[in-house]
Amino acid sequence: MRQVLKALSNNLAGEMSVNEDDLRYYSTDGGVFELEPTAVVFPKDANDVSTLVKTVNEYHHLGNDRISLTARGNGTDQGGGPINTGIIVDFMRHMDQILEIGDDYAVVQPGCLYGRLQKELKQRGRYIPSYPASVEISTIGGAVANNAAGEKTVKYGATRDYVEAIQVVLADGTVTWLHAMGAQQLQHRKNLPGLEGSIFTQIEKLIHDNQETIHNHPNVTKESSGYALWRAQEGDKFNLAQVVVGSQGTLCFVTAIRMRTIPVPDPNEVVLLVSYYESLEKAGAAAQELHDLEPSALEIVDKNLIELVNRQKPELLHGLLPDGPTPAIVLLCEFDNADKQERQHKLHVAQAIVDAHAYTSVLKNTPEEESEAWKLRRSAAAVMWTIPGKKKALPIIEDGTVPPHKLTEFILRAYEIFNKYELEIAIWGHAGDADLHMQPFMDLSKASDRKKLFQMTDEFYKMVHELGGTAAGEHNDSLMRAVYRPLMFGPELEKLFDKVKHIFDPENMLNPHKKVGVDFNYIKQHLRHEYTIESIAKLERQKAQDTIDR
Ligand SMILES: Cc1cc2nc3c(=O)[nH]c(=O)nc-3n(C[C@H](O)[C@H](O)[C@H](O)COP(=O)(O)OP(=O)(O)OC[C@H]3O[C@@H](n4cnc5c(N)ncnc54)[C@H](O)[C@@H]3O)c2cc1C
156 MRQVLKALSN NLAGEMSVNE DDLRYYSTDG GVFELEPTAV VFPKDANDVS
206 TLVKTVNEYH HLGNDRISLT ARGNGTDQGG GPINTGIIVD FMRHMDQILE
256 IGDDYAVVQP GCLYGRLQKE LKQRGRYIPS YPASVEISTI GGAVANNAAG
306 EKTVKYGATR DYVEAIQVVL ADGTVTWLHA MGAQQLQHRK NLPGLEGSIF
356 TQIEKLIHDN QETIHNHPNV TKESSGYALW RAQEGDKFNL AQVVVGSQGT
406 LCFVTAIRMR TIPVPDPNEV VLLVSYYESL EKAGAAAQEL HDLEPSALEI
456 VDKNLIELVN RQKPELLHGL LPDGPTPAIV LLCEFDNADK QERQHKLHVA
506 QAIVDAHAYT SVLKNTPEEE SEAWKLRRSA AAVMWTIPGK KKALPIIEDG
556 TVPPHKLTEF ILRAYEIFNK YELEIAIWGH AGDADLHMQP FMDLSKASDR
606 KKLFQMTDEF YKMVHELGGT AAGEHNDSLM RAVYRPLMFG PELEKLFDKV
656 KHIFDPENML NPHKKVGVDF NYIKQHLRHE YTIESIAKLE RQKAQDTIDR
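Heads up: the sequence shown begins at 156 in the numbering used here, then just goes up one per residue.
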């Protein structure tokens, strides 16, 4: 090990660290697991990543132990995606540049903070609408590797719908671009020597031979689980980039991304209807009808979250709730259609739906009013992670997604499980895609809570499966959901996922034990005893330092 680290520090243009504090920092992410790496590398560019891969391979082929390589953005993943033993490859220090902004696209390095790119784009009247709620604290590379999604996905789709091409470094160190290609270009790639030719040949064959199996997956409108084999064939084009998007650094490194951008809606042409319900059933009925109007966002917040926020930071929701008892559910329904007539028509129908089910509602139609009302939904982030005490809101079942018409049943059955385990819990998320974030409050230092955790997740994911859902609508498999994914996808598709991993990464060097090749024993061994999100704290400290420096 010492030899390879020495060779790396000689060969790489970027730095390497084996500093204890660094190793501790990189051993956690936004999730509940912990794995300490051996070293952290900060590559300068794609060639540096290639050198890293080649050097590590060389040492392995000389008979030394295999060292794994795991990519990392800002470590906000909520399931253990960017943590591992072996070497962590940090893309934020150097590979964070915006390389080009065109009329309808941007080319960017993976370590660029998503919020930074979005700000640059917005100055030009453009944006990427699939941004996650963590847009200010996470990277573009992390979003691509997780197929992240968010509040606008119900209308605009997920990250994969905006990826036009990606530059990758393969497991043999080859640097290449992946994008949609016709038959001739595909044949050219298949004829290439080495790993690249082999990947194109084998993945295309695997997809061709298993058409029925690859299309047999949960029928949800939002999916970041598995390897998206079902998206690789687009009409007469073959697009390997679609298999890599959402693959969590288990197939290759992503070293540059070309993203499609779209015009930002004029804020004066956006309307937001906020409706308040006395029961979940009434809100569920309204959500289903509102969904058919194709809103640009359809979000949900439950009573528990509102009461939690009110207890912690009452000023946040000041003036945003009707007088009287706390509503069981609040829905936020947004329309951003540029065509005034179309927007007014949708709003008119939406108002009638809301009047039939909600006990009151309010229309927000100025940017200021809307941004104030969005606090109802976004306050979760401001509060969940700041609650004092040993019990923390744990991301362990925080991304279950079911077919949209099963929303009410999903929430009712989730409440039943939480009652059974006597867990305090709040629910919020994307009603339009029935993708709900729920984080039970538990104390990981207590053996009883650690035991309860897996009993509860077993029941929760079984319930999601019974409803025809998926374990991860937008947060991906990482560790926790990888063990429940076979339940949702079935053995045939799981076998194909194993093959995909083997085709891309025959020696299991890239982010091992993620997505595939992971079991309960493994994840139980690596459960943390205390939960905090260091990456967010670090970014906050950096921002504070930048302000002082300026
Ligand atoms: C408060 C909060 C809110 C969140 N809200 C959302 C949300 O609304 N929607 C959503 O989708 N997610 C959400 N997340 C989860 C997470 O923030 C996103 O998935 C985000 O896109 C991850 O980006 P990151 O830079 O932190 O990536 P990391 O956590 O560092 O990495 C994520 C995965 O990507 C891989 N990876 C990173 N860079 C590369 C690369 N260059 N090449 C190959 N693989 C790479 C890593 O190995 C890892 O498996 C939230 C998390 C938090 C803490």
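Ideal placement from N, C-alpha and C gives every residue a C-beta, glycine not left out.
Kindly list the residues whose CB is nearer than 7 Å to the CB of residue i, restricted to its own chain and excluding five residues on each side of it in sequence; keep chain order.
i	result
Leu350	Leu325, Ala326, Asp327, Thr329
Ser633	Gly186, Asp232, Gly234, Gly235, Gly236, Gln403, Lys669
Gly137	Residue 137 falls outside the range modelled here, since the chain spans only 156 to 705, and no answer is possible.
Ala320	Trp332, Leu333, His334, Ala396, Arg413
Let me confirm a value: residue i is counted as buried when at least 16 other C-beta atoms fall within 10 Å, else exposed. Which label applies?
i	result
His512	buried
Ala602	exposed
Phe675	exposed
Gln342	exposed
Lys604	First, the amino acid is wrong: residue 604 is Asp here, not Lys. Asp604 comes out buried.
Leu163	buried
Asp447	exposed
Arg705	With a pLDDT of 46 at Arg705, under the threshold of 50, the predicted position of this residue should be treated as unreliable, and no value is reported.
Ala298	buried
Trp529	buried
Ala452	buried
His503	exposed
Gln322	buried
Arg157	exposed
Ala505	buried
Glu378	buried
Thr308	buried
Asn174	exposed
Lys656	buried
Glu762	Shown here, the chain extends from 156 to 705; a query on residue 762 therefore has no answer.
Is any heavy atom of ligand 1 found at a distance shorter than 7 Å from the C-beta of residue i?
i	result
Arg281	no
His630	yes
Gly381	no
Gln403	yes
Glu669	Checking the sequence, you will find Lys at residue 669 rather than Glu. Yes, since a heavy atom of ligand 1 falls inside the 7 Å radius drawn around the Cβ of Lys669.
Thr356	no
Ile688	yes
Thr368	no
Gln397	no
Ser293	yes
Asp478	no
Gly236	yes
Arg227	yes
Ser534	no
Ser289	yes
Asn301	yes
Val409	yes
Pro450	no
Gly185	yes
Thr625	no
Thr376	no
To which residues of the same chain is residue i closer than 6 Å at the C-beta, ignoring the five residues directly before and after it?
i	result
Val400	Val299, Asn302, Arg315, Val318
Glu170	Phe197
Tyr181	Pro192, Val195, Ile243
Arg227	Pro237, Ile243, Asp245
Is it the case that the CB of residue i approaches a heavy atom of ligand 2 more closely than 7 Å?
i	result
Asp177	In the structure on display, ligand 2 does not appear, and the ligands it does have are ligand 1.
Which same chain residues, not among the five before or five after residue i, have their C-beta less than 8 Å away from its C-beta?
i	result
Met336	Arg344, Lys392, Phe393, Asn394
Asn371	Gly645, Glu647, Leu648
Glu189	Ser182, Thr183, Ile238, His681, Leu682, Arg683
Ser516	Leu428, Val429, Ser430, Tyr431, Gln506, Val509, Asp510
Glu553	Gln233, His592, Met593, Gln594, His630
Touch check for the region 488-497 and the region 416-425: three-plus C-beta pairs under 8 Å? Enough Cβ pairs lie closer than 8 Å, so yes.
query: Taking only runs of the alpha helix (DSSP H) that begin and end inside the region 258-331, which ones reach a length of at least 4 residues, in chain order?
result: 269-278, 295-301, 308-311, all fully within the region 258-331.
Review point. Can at least three beta-carbon pairs, one atom from the region 209-217 and one from the region 251-270, be found at a separation below 8 Å?
Key: Touching, no, given that fewer than three Cβ pairs across the two stretches are closer than 8 Å.
query: Hey, is the region 426-440 in contact with the region 236-255, meaning 3+ C-beta pairs nearer than 8 Å?
result: Touching, no.
ask   = Which runs of the alpha helix (DSSP H) fall wholly inside the region 195-246 and span at least 4 residues, in chain order?
value = The region 195-246 contains these whole alpha helix (DSSP H) runs: 201-216.
Ignoring anything shorter than 4 residues, give me the alpha helix (DSSP H) runs that lie fully in the region 508-591, in order along the chain. Note on the region 508-591: whole alpha helix (DSSP H) runs with a minimum of 4 residues are 522-528, 530-539, 562-575, in chain order.
Should the region 552-562 be called in touch with the region 616-627, which here means at least 3 C-beta pairs below 8 Å?
The region 552-562 vs the region 616-627: in contact.
- May I have a chain-ordered list of the beta strand (DSSP E) segments no shorter than 3 residues that lie completely inside the region 413-499? Counting only runs of at least 3 residues, the region 413-499 fully encloses the following beta strand (DSSP E) elements, listed from N- to C-terminal order: 426-432, 452-457, 484-490.
With a threshold of 8 Å, are at least 3 pairs of Cβ atoms found where one atom belongs to the region 563-571 and the other to the region 522-541? They do not touch, by the three-pair rule.
Counting beta carbon pairs with one atom in the region 653-673 and one in the region 581-594, are three or more of them shorter than 8 Å? By the Cβ rule, the region 581-594 does not count as touching the region 653-673, because fewer than three pairs are nearer than 8 Å.
When the Cβ atoms of the region 471-485 are set against those of the region 543-551, are three or more pairs found closer than 8 Å? With the rule of 3 Cβ pairs closer than 8 Å, the region 471-485 does not count as touching the region 543-551.
Which full runs of the alpha helix (DSSP H) of 4+ residues lie inside the region 637-703, going along the chain?
Fully enclosed alpha helix (DSSP H) runs of 4 or longer: 640-659, 675-680.
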